[in-house]
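S.K.: Just dropping this structure here.
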Amino acid sequence: MINSISDPTEIPEDYYILHECRICKGNNLKEFLNLGDIPLVNSYVDVNSPPPFDEKFPLKVLFCQGCNLSQLSIIVRPEIMYKNYSYRSSISKTFIDHCFRLANSTVKRFSLTDKDLVVDIASNDGTALGEFLKFGVRVLGVEPAKNLAKIATNQGVTTVAEFWNKETSSKIESKYGKASIISAMNVVAHVHDLNSFIEGLDILLKEEGVFVMEVPYLLNFINKNEFDTTYHEHLSYFLVKPLIRIFAANGFEIFDIYKSTIHGGSIRVFVKKKLNPFIQVDHDAINWLLELENDLGLYDFDTYLRFSEDVIKIKSDLMELLTRLNKQNKNIAAYGASAKGTVLANYCGLGNNLVQYVVDDTPEKQGFLTPGSRIPIVDYSYLKKKQPDYLLLLAWNFADELMEKTQDYKNAGGKYIVPIPSVRVL
Ligand code: JHZ
Numbered sequence: 420m421i422n423s424i425s426d427p428t429e430i431p432e433d434y435y436i437l438h439e440c441r442i443c444k445g446n447n448l449k450e451f452l453n454l455g456d457i458p459l460v461n462s463y464v465d466v467n468s469p470p471p472f473d474e475k476f477p478l479k480v481l482f483c484q485g486c487n488l489s490q491l492s493i494i495v496r497p498e499i500m501y502k503n504y505s506y507r508s509s510i511s512k513t514f515i516d517h518c519f520r521l522a523n524s525t526v527k528r529f530s531l532t533d534k535d536l537v538v539d540i541a542s543n544d545g546t547a548l549g550e551f552l553k554f555g556v557r558v559l560g561v562e563p564a565k566n567l568a569k570i571a572t573n574q575g576v577t578t579v580a581e582f583w584n585k586e587t588s589s590k591i592e593s594k595y596g597k598a599s600i601i602s603a604m605n606v607v608a609h610v611h612d613l614n615s616f617i618e619g620l621d622i623l624l625k626e627e628g629v630f631v632m633e634v635p636y637l638l639n640f641i642n643k644n645e646f647d648t649t650y651h652e653h654l655s656y657f658l659v660k661p662l663i664r665i666f667a668a669n670g671f672e673i674f675d676i677y678k679s680t681i682h683g684g685s686i687r688v689f690v691k692k693k694l695n696p697f698i699q700v701d702h703d704a705i706n707w708l709l710e711l712e713n714d715l716g717l718y719d720f721d722t723y724l725r726f727s728e729d730v731i732k733i734k735s736d737l738m739e740l741l742t743r744l745n746k747q748n749k750n751i752a753a754y755g756a757s758a759k760g761t762v763l764a765n766y767c768g769l770g771n772n773l774v775q776y777v778v779d780d781t782p783e784k785q786g787f788l789t790p791g792s793r794i795p796i797v798d799y800s801y802l803k804k805k806q807p808d809y810l811l812l813l814a815w816n817f818a819d820e821l822m823e824k825t826q827d828y829k830n831a832g833g834k835y836i837v838p839i840p841s842v843r844v845l
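Next up, the structure:
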């Protein structure tokens, strides 16, 4: 066991066991969720050369009594998880529209012009920056997955294929100059060394610049039983309270926050350098969320124990339903070979004996098998051809978009199963 690591890319083993809180360094960490051994969510299995078994790692979540950060009990070496990444931000129209609104509101609120540089950390295939480009600002992506960095660059979003750290930040600063905006959508939860991450921001961000980040919100995770958004990539599960603490410890200050509905419920957090006098802090917005967290019992461990009981119920309800439908000879397929789908399937023990195939529009995933559960991933034309009786929405966070897209399936008598926040047939 290692006491602390500053750079997780240097972890010698495949994973390292956490034994102190990533933010407050306390060791009063209490487990509230144990999903068992689960494969890495992006390790899709090649049908032509399937390995004898799919490697699995423990998946447990701990609550820090000191600062209230929830966090995974282990850290898998990022090199293993992010070298080649199949997740494409551009597959969902809901997400593209979300990025357009982010770009539009950011450009207007901070009066950005063609002189301003916007840098996106973990920019994936360039979806968010593509929306910023429409407003004529300068953009630069930072994305460690080489396959994605290449796609983005080919589409006009210049992308540096590196992990975000102080070295990458310095290199970018000397080549492109300081950034007015640095954005990070769905990546801060993936970072172990938050201090080093923020030091990187300090190097590249202008004194009057803004860091804007989005992360899934633990409030929704607990209240809506979103247990399947726990996976090895998601090291931290954030409330506002620990976020304030980590930024303050590094000379930064949160000046505005609001909730968004994306990915089952997220928070968008605006951060400035502490010494920047030009931006006012919206204390009302911040205090409102802190009070809400307190009122909902999110600083109290018992709330987390109640949540873990709901998770067990979802597993038994889902398996009871699918087994019953299977006995009635109903055909069941799924939509969305999502990361959360892999967790749900493996935790519940779902395989292709119950779910025959998963439809997914991501070309990089089609033709592969889902990790662990080994369900074939197919393109949309399958759904039209086969018309299964039931469609399990594994990307339940995009349920509206998926149902709109599959209206023909519904009109022909198809039914949906939505597993979260509780198992329902629609
Ligand atoms: P989706 C992602 O997790 C990835 P995942 C990441 N790890 C993260 O942090 C969280 O989000 C927040 C497919 N789909 O976005 C695409 C269609 O095929 O819910 C995806 O494979 N057609 C960075 O993977 C999957 O469903 C469609 O029309 O759990 C959705 O995955 C739509 C809407 C989706 O997140």
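Each residue of the sequence shown is one higher than the last, beginning at 420 in the numbering used here.
All residues carry an ideal CB built from backbone N, CA and C; glycine is no exception.
Tell me where the alpha helix (DSSP H) around residue 505 begins and ends.
M.R.: Residue 505 -> no alpha helix (DSSP H), and no H or E assigned at all.
S.K.: Start and end of the alpha helix (DSSP H) containing residue 736?
M.R.: That run of the alpha helix (DSSP H) goes 720 to 746.
S.K.: Helix, strand or coil for residue 826 per DSSP?
M.R.: If DSSP states are grouped into helix, strand and coil, residue 826 belongs with the helices.
S.K.: Taking the C-alpha atoms as reference points, what is the distance between residue 725 and residue 633?
M.R.: Roughly 27 Å between the two C-alpha positions.
S.K.: Beta strand (DSSP E) containing residue 458: first to last residue?
M.R.: Segment 448 to 458, the beta strand (DSSP E) holding residue 458.
S.K.: Should the region 775 to 795 be regarded as contacting the region 464 to 482, the criterion being three or more beta carbon pairs within less than 8 Å?
M.R.: Taking 8 Å as the limit for Cβ pairs, the verdict is that the region 464 to 482 does touch the region 775 to 795.
S.K.: Closest to residue 464 by C-alpha separation, out of 750, 833, 756 and 664, would be which residue?
M.R.: If we check each option's Cα against that of residue 464, 756 comes out closest.
S.K.: If you drop the 5 nearest sequence neighbours on each side, which residues of the same chain put their C-beta closer than 8 Å to that of residue 717?
M.R.: If we look at residue 717 and ignore the five residues flanking it on each side, its Cβ neighbours are 487, 637, 638, 641 and 658.
S.K.: Run through the DSSP bridge pairs and tell me what residue 689 is partnered with.
M.R.: Answer is 631 and 675.
S.K.: Beta carbon of residue 450, beta carbon of residue 478: below 9 Å?
M.R.: Taking 9 Å as the Cβ cut-off, residue 450 and residue 478 do not qualify as a contacting pair.
S.K.: Rounded to whole angstroms, what is the Cα-Cα separation between residue 600 and residue 767?
M.R.: The straight-line gap from Cα to Cα measures roughly 42 Å.
S.K.: Quick check: is any heavy atom of the ligand JHZ less than 8 Å from the C-beta of residue 682?
M.R.: The answer is yes for residue 682.
S.K.: Below 6 Å CB to CB, which residues in the same chain sit around residue 723 once its five sequence neighbours on both sides are set aside?
M.R.: Correct list, in chain order: 451 and 482.
S.K.: Can you find a heavy atom of the ligand JHZ that lies under 8 Å from the Cβ of residue 712?
M.R.: For the ligand JHZ, not one heavy atom lies less than 8 Å from the Cβ of residue 712.
S.K.: Measure the Cβ-Cβ separation of residue 751 and residue 744 and say whether it is below 9 Å.
M.R.: Taking 9 Å as the Cβ cut-off, residue 751 and residue 744 qualify as a contacting pair.
S.K.: Strictly by DSSP, which residues pair up with residue 539?
M.R.: BP columns for residue 539 point to 560 and 602.
S.K.: Relative to the C-alpha of residue 786, which residue among 746, 456 and 466 is closest?
M.R.: For the residues 746, 456 and 466, the minimum Cα distance to residue 786 belongs to 466.
S.K.: Ordered along the chain, which non-local residues of its own chain (more than five positions away) have a Cβ less than 7 Å from that of residue 623?
M.R.: The residues are 538, 588, 591, 592, 597, 598 and 601.
S.K.: Given this structure, state the Cα-to-Cα distance separating residue 697 from residue 521, to the nearest angstrom.
M.R.: Cα-Cα distance, rounded: 21 Å.
S.K.: Give a single yes or no on whether residue 631 has its beta carbon closer than 8 Å to a heavy atom of the ligand JHZ.
M.R.: Because no heavy atom of the ligand JHZ lies under 8 Å away, the Cβ of residue 631 does not count as near it: no.
S.K.: Near residue 709, which residues of its chain fall below 7 Å by C-beta distance, leaving aside the five closest residues on each side in sequence?
M.R.: Closer than 7 Å at the Cβ level, and outside the excluded window around residue 709, lie 659 and 660.
S.K.: For the candidate residues 782, 621 and 742, whose alpha-carbon lies nearest to that of residue 507?
M.R.: Closest by alpha carbon: 782.
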